[in-house]
Amino acid sequence: MDISIVIVNWNTCDLLRDCLRSVFDGLRGLKAEVLVVDNASGDASVGMVQAEFPQVTLIESEQNLGFAGGNNLALRHAVGRYVMLLNTDTLVHGTVLPKSVEWMDNNPEIAVMGPRVLNTDGTVQPSCSAFPSLKYLTLQAFGLTRIGKLDSYRMTGWDRSTERQVDVISGAAMVVRREAMEQIGLLDEAFFFYGEETDWCLRFAQAGWGVTYVPLPAVTHFGGGAVAKLNHRRDVMMTEGVTRLHRKHGGILAGMACFAVLTFHNTSRAVFWTALGLVRPRRAGNRALHFLSVVRDLPRAWPRLRPASTNRAAQ
Numbered sequence: 166m167d168i169s170i171v172i173v174n175w176n177t178c179d180l181l182r183d184c185l186r187s188v189f190d191g192l193r194g195l196k197a198e199v200l201v202v203d204n205a206s207g208d209a210s211v212g213m214v215q216a217e218f219p220q221v222t223l224i225e226s227e228q229n230l231g232f233a234g235g236n237n238l239a240l241r242h243a244v245g246r247y248v249m250l251l252n253t254d255t256l257v258h259g260t261v262l263p264k265s266v267e268w269m270d271n272n273p274e275i276a277v278m279g280p281r282v283l284n285t286d287g288t289v290q291p292s293c294s295a296f297p298s299l300k301y302l303t304l305q306a307f308g309l310t311r312i313g314k315l316d317s318y319r320m321t322g323w324d325r326s327t328e329r330q331v332d333v334i335s336g337a338a339m340v341v342r343r344e345a346m347e348q349i350g351l352l353d354e355a356f357f358f359y360g361e362e363t364d365w366c367l368r369f370a371q372a373g374w375g376v377t378y379v380p381l382p383a384v385t386h387f388g389g390g391a392v393a394k395l396n397h398r399r400d401v402m403m404t405e406g407v408t409r410l411h412r413k414h415g416g417i418l419a420g421m422a423c424f425a426v427l428t429f430h431n432t433s434r435a436v437f438w439t440a441l442g443l444v445r446p447r448r449a450g451n452r453a454l455h456f457l458s459v460v461r462d463l464p465r466a467w468p469r470l471r472p473a474s475t476n477r478a479a480q
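Next comes the structure, spelled out in structure tokens:
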């Protein structure tokens, strides 16, 4: 089996349908399996997959396990030499799937590869990044990453037309070598929404594997998807994920410093948009409410310790 394509779904029936159609159109002779994990959706996703894509291996979870937990359900069953994690709000284009397998075959030292990802208007999406260090988070908190030369985190000064070793590949479209996955294990399920692919890429790199962006065309990523339903909780969960990342890899002091920087980031935005809302309520009111809600819920964002899960890949 060349590749196992893993898609985790939560209430995105129509997006999932379009994604699956593009995947099967894009296989181009590959020996592949497609696994869909439904994270306890309340819409028609399960019935749609059963009726329209009987060739898909459908795994139904009784609860929403998040990105890491949902993917791990499928990864334990996957048998391909490579695994591709793919968001439901994506479309696969052209020969990107066979070209990805070919590139991984020719680069056996690489564990994780990310192809070119496009926005809906055809512009290139920053689908890879540096590790979100305290330096980069602080620059972002003070708004300095708006200056392109200072935005080394998102690498906005690079047009992504060349191959490059990077720290992180986005889980929206990520190809992973099975051999490397069996060595370092599956995604860490302590991460529910954000930080899991960053943690995974870091663990691959620490084990001596390469993480590379390759401008293979292309995957369109609409953005939003299930995340759009989270409202301000998205930023709260992102705060928890990034803080957990620093706490795991840097210790309690690094976690506390990260949490402080992100608290400042969200609080300063709440103050700014609230003040602007007094003058221009139509323009700023919704943004003020958003950040005020984030700040209200920040105490929930400190990552609590969770029982260790079995994240080893199936042997």
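With the sequence shown counted from 1, adding 165 to any position gets you this note's numbering. Built from N, CA and C at the ideal position, the CB exists for glycine as well.
- Separation of Thr-439 and Ser-433 (C-alpha to C-alpha, rounded to the nearest whole angstrom) is 10 Å.
- Boundaries around Tyr-301 are those of the alpha helix (DSSP H), 299-306, since no beta strand (DSSP E) includes it.
- A Cβ-Cβ separation of about 15 Å leaves Met-278 out of contact with Ser-294 under the 8 Å criterion.
- Between Met-213 and Cys-184, the alpha-carbon positions lie close to 13 Å from each other.
- Here Gln-220 is exposed, its C-beta having fewer than 16 other C-beta atoms within 10 Å.
- One Cα belongs to Asp-270, the other to Ala-345, and the distance between them is close to 13 Å.
- Put simply, of Glu-198, Ser-458 and Glu-225 the residue whose alpha carbon is nearest the alpha carbon of Gly-245 is Glu-198.
- Listed in chain order, the alpha helix (DSSP H) runs fully inside the segment 443-469 are 446-462, counting runs of at least 4 residues.
- For Glu-227, same chain residues with a beta-carbon under 7 Å away, outside a window of 5 residues either side, are Ala-205 in chain order.
- The residue among Trp-175, Val-460 and Arg-241 with its C-alpha nearest the C-alpha of Gly-350 is Arg-241.
- Judged by DSSP in its simplified three-state form, Asp-203 adopts strand.
- Restricted to the segment 322-405, the beta strand (DSSP E) segments that are unbroken, complete and at least 3 residues in length are 338-342, 375-378 and 384-386, listed in chain order.
- Bridge pairing for Ala-197: Ile-168 [DSSP].
- Contact annotation: Val-426 and Leu-299 have beta-carbon atoms nearer than 9 Å.
- By the C-beta density criterion, Ser-292 is buried, having at least 16 other C-beta atoms within 10 angstroms.
- Here Ser-187 is not near Val-248, since their CB atoms are 9 Å or more apart.
- In the three-state scheme derived from DSSP, where H, G and I count as helix and E and B as strand, Val-277 is classed as strand.
- Here Thr-260 really is in contact with Arg-193; their C-beta atoms are around 6 Å apart, less than 8 Å.
- Under the 10 Å beta carbon count, Pro-382 is surrounded by fewer than 16 other beta carbons and is classified as exposed.
- Here Asn-176 is buried: its Cβ has 16 or more other Cβ atoms, across all protein chains shown, within 10 Å.
- Straight through space, the alpha carbons of Gly-442 and Asp-324 are spaced by roughly 36 Å.
- DSSP places Leu-251 inside the beta strand (DSSP E), whose first and last residues are 247-251.
- Taking the Cα positions, Ala-243 is about 36 Å away from Phe-424.
- Between Gly-375 and Gln-305, the C-beta gap is not smaller than 9 Å, which leaves the two residues out of contact.
- With at least 16 other beta carbons inside 10 angstroms of its own, Glu-362 counts as buried.
- In the structure shown, Glu-227 adopts coil according to DSSP, grouped into three states.
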